[in-house]
Amino acid sequence: MMKFLKENIPFAFLLLFCVGLLAVTIKMNVFRFNNFDFGKFDLGNMTQMVWNTQHGRFMYLTDYFGTNLPRWAMSHVDPILVLFVPLFALVPHPLTLVISQLVLVIFSAVLIYKIANLQFISPVGSLLLSLAYLFYPALGFLLAWTGFHGVTVAIPFFLGAFYVFEYMFKQDSFTKPFLVLFWALVIITMSGKEEASLFVLVFGLFVVFVRKVKHLGYYLIAVSIFWFVATFFVIIPAYSHYRVLGYNKFASSLGINSELANDVISPNFFLSRYSEFGNTYFEVAVNMATHPRQMARVLFGGDKLDNLRMTFEPLLYMPVLGPHLLVMALPELLINYATTAGGIGTSEIYNHRISLIIPVLFISTIYGIAFVTKKKRYLVVGLSALVLASNIYTTFKYENPIYLWLSQAISKRISLKVFAKDISIEDNLDALELGQRLRFSPLETNDRDCAQKVVQSIPNDVTVSGPDHLGAHLAKRETYAIFPALFDSAQYVITDVFAEKVARILGVNKSIIRDATARVMKDENYKLVGACSNLFVFERVGLHNKPKLLPIQEKFEYPERVTFEIFQSLTLVDYKLPSVLKRGENTPVDFVYTRRGDNSLDGYVLFLTFINNETRDAYQVANLPSFAINEPTSWTKDNYYIENVEVVIPQHMASGSYRVFIGMDNRVRTRSIYIGDVTID
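The sequence shown: position 482 = 567 (the working numbering), numbered continuously.
Here it is, written out as structure tokens:
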């Protein structure tokens, strides 16, 4: 009985710890989803691929440029997602994928435990290393930040394949059922990402040269090479023309020079990350091999030494004690660290690309400890305890979001609830004079309540062009493009005055967003049907009674009625504010401004704020004409600018009396002035 307890209590404790960690991470990810922290890239894309596969379009998604194409046209091959189609059909929600990943990755600790038991014959030592895995800083970022990726859910399948092989080797019994299971796990692992076959390739070398199981090892090597060649030299290049055609159409619609984006039109979208070494696979490989100084500079330059330290330090560098196993991670480490493009962070522990490196590090640590301790139980437990202690220390040092979030929640420094929109007001709203200037919180860039209402207003079966941060919530459809892609053809266009993602990707001026928004506003087929905060929703309704006059006009003279300086010498000289605004109806509100001085107006966005006189609930919306058509920074001093703002009060806004303010904000400084009261009906 005592022997049974000694052998099983550690395992039971591990299972309980996994369940507790799963509960915490589910709570965190639900919070982040409701907070719109998961966007089209990447959870939205993953959801769209699974949804499309379920509906007969195998692994299709909408790319950066609004083209519906197979996943491999974007230079990724991760058919592991197909495994989740049945579950998604039962529970069709993006969080189904996220929670599935949490379960698979967290309970991979059980496989770490089993692998360690094969080496140690010490349940306590196995438990300590399994807990170390769960405290490993990079794992926390995978569980809390990255949403869902095929390469991450491949972790348990890789560990499972390794465990099954080692079990068969230890038993000296390679039976058919175990071999079938082994090959199933290997194939699923390779389907996790296009280069996952490299892990299997080096694993095959381990099987041949270390374990001397040559027949099986040769098959592993052959299968991995076949899949690597197929993905990189057949599948990805064969489908790249879909991406190129889509990009050319996108560039043409926006008047962008298509020659500016060489990475987009190359056979592999991501090859430009290694551009210092060449423009083809062959050039990159040859130059890496023949230029060791340049290679060393790239591998260890910038923050990459820090990233390497943050990868190995939690394990006290013990993976190097198992070099014959650590070598399985070398191809992926090379891919992640040899990038020459800036700002992509492939070597960081916060990045999902570390996923399959993590199990290799722990396998190497297990075998390294077994080697140096000669499997003496007290030494195994001692070193395993040190590794666990190091992981606990570094998980807080590197701010693992799971344990940081949990510790803050326990100490009541943060709330676990999603709060409604809050406007910080320094002044007394009950004693305001017209034109009085106040300092509110700035126009929100991620208004949760606004975003949720926009999502709820979009029908399920329509094509959408919208911002990245709505992409996960609106992914269950054939087409969801990131604005400005499909700005002139989508059934619904959602513009975000602060969106910059596509402009950053293409390396073009972010005015591309403003220009596309202006074209949607002018398009006689589009009607503004909703607006809040920084989001505006246009529906393609066809030709309708749309005003021909642009909603912002410049004049040299204008009879001034008031003189209310908003900020930075920008002055409101007249306005027409209706006494009643009806929810769901388009109501024009006119403003006339002049620029009195030479103060910089770069980056400023004009916006309206409505504050309920009873509840103090607030509603904000940007002024779209002065953002999209003629922005304040381009206004001429002493000229007058008449802006017609089309206000659409959302249905969810409570009726009652509201105080109205017009303000300006550049995300650093913000001011608003009081212009009167209205009744929302």
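Cβ atoms here follow ideal geometry from the backbone N, Cα and C, with glycine treated the same way.
Source: prediction; values computed, not measured.
- P632 counts as exposed, since fewer than 16 other C-beta atoms from the protein chains shown sit within 10 angstroms of its C-beta.
- Runs of the beta strand (DSSP E) lying entirely within the stretch 648-677 and spanning at least 3 residues, in chain order: 649-652 and 655-661.
- Between V745 and D762 a beta carbon distance of about 7 Å is seen, short of the 8 Å cut, so the two are scored as contacting.
- Within the same chain, A194, I197 and F447 come within 6 Å of Y218 by CB-CB distance, once the 5 residues on both sides are set aside.
- Taken through DSSP and simplified to helix, strand or coil, T755 comes out as strand.
- In the displayed model, G748 falls within a strand according to three-state DSSP.
- Annotation for P644: no alpha helix (DSSP H) segment contains it, and DSSP assigns it neither H nor E.
- Judged by their CB atoms, V540 and L559 are nearer to each other than the 8 Å cut-off.
- Beta-bridge partners of D581 (DSSP): L620.
- Ranking I442, H178, S719 and A601 by CA distance to the CA of Q638 puts S719 first.
- Beyond the five residues adjoining it in sequence on each side, L655 comes within less than 7 Å, by CB distance, of Y678, R680, L686, P717 and M749 in the same chain, given in chain order.
- A739 places its beta carbon less than 8 Å from that of D702.
- Here the C-alpha atom of P262 lies approximately 23 Å from the C-alpha atom of Q204.
- Excluding sequence positions up to five before and after M380, its CB lies within less than 6 Å of the CB of M373, all in the same chain and listed in chain order.
- Spatial neighbours of V295 in its own chain (CB-CB distance under 7 Å, excluding positions within 5 residues in sequence) are listed in chain order as H409.
- If only uninterrupted beta strand (DSSP E) runs of at least 3 residues are considered, those enclosed by the stretch 683-749 are 690-697, 703-707 and 725-733.
- Shortest Cα-Cα distance from F623 to any of L709, L283, I758 and D122 involves L709.
- The alpha-carbon separation between S325 and T316 amounts to approximately 12 Å.
- Leaving aside the five residues that flank Q133 on each side, the residues in its chain whose CB is nearer than 6 Å to its CB run, in chain order, L146 and A560.
- About 5 Å separates the beta carbons of L468 and I454, which is inside the 8 Å limit, making them a contact pair.
- By the C-beta density criterion, T755 is buried, having at least 16 other C-beta atoms within 10 angstroms.
- According to the DSSP assignment, G551 belongs to the beta strand (DSSP E) that extends over V549 to G551.
- With respect to the 8 Å criterion, I543 and Y488 are not classified as neighbours on the basis of their beta carbons.
- DSSP lists Y726 as the beta-bridge partner residues of E639.
- Exclusion of the five residues before and after L213 leaves V466, S469, A470, V472 and L473 as the residues of its chain whose Cβ lies within less than 8 Å of its Cβ.
- CA-CA distance, P644 to K722, rounds to 16 Å.
- The DSSP assignment places no complete alpha helix (DSSP H) segment of no fewer than 4 residues inside the stretch 91-121.
- Collapsing the DSSP output to three states places A158 in a helix.
- In this structure, the straight-line span from the alpha carbon of S711 to that of N153 is close to 33 Å.
- Unbroken beta strand (DSSP E) runs of no fewer than 3 residues, entirely contained in the stretch 417-504, are not found.
- In the displayed model, F525 falls within a strand according to three-state DSSP.
- Bounds of the beta strand (DSSP E) holding L146 are Y145 to T147.
- For A566, the enclosing beta strand (DSSP E) has its first and last residue at Y565 to I567.
- Out of G245, G129 and T110, the CA that lies nearest to the CA of L228 is found in T110.
- Take the alpha-carbon of Q521 and the one of F649: they are about 8 Å apart.
- In the displayed model, V292 falls within a helix according to three-state DSSP.
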